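Below is one structure, written out as structure tokens; comments come after it.
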Amino acid sequence: MYIGAGILLLLVGLIIVFAYNGDMSIAGLDLGAVGWIAIGLGIVAIILSLVLDRRRRETIVRDDRRY
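Here the working numbering is used: the first residue of the sequence shown is 619, the next is one more, and so on.
Below is the structure:
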């Protein structure tokens, strides 16, 4: 679930930082900083998604009862 949001944040951040050539300040908000923050959050979300998915897959339940 988090991997999609992480990829989206990463792409939006990369577009803001590297592709946007307009005014980097909107109402006192530095868009360059917002872009780098989005990149960082995207990377964290992707890593968190992979770690949680790995923990979920390690659970093995065996029922060796024979009737």
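The C-beta atom is built at its ideal place from N, Cα and C for all residues, glycine as well. None of these values were measured; they are calculated from a predicted model.
Cβ-Cβ separation, residue j to residue i (assumed contact under 8 Å), whole Å
i       : j       : result
Gly-653 : Gly-631 : 5 Å
C-beta contact flag for residue i and residue j at 9 Å
i       : j       : result
Ile-621 : Ala-663 : yes
Leu-628 : Ala-656 : yes
Tyr-638 : Leu-649 : yes
Span of the alpha helix (DSSP H), counted from its first residue to its last, around residue i
i       : result
Tyr-620 : 620 to 632
Euclidean distance between Cα positions of residue i and residue j
i       : j       : result
Leu-659 : Ile-665 : 10 Å
Ile-661 : Asp-671 : 15 Å
Leu-626 : Arg-684 : 49 Å
Ala-645 : Val-669 : 38 Å
Ser-643 : Val-679 : 54 Å
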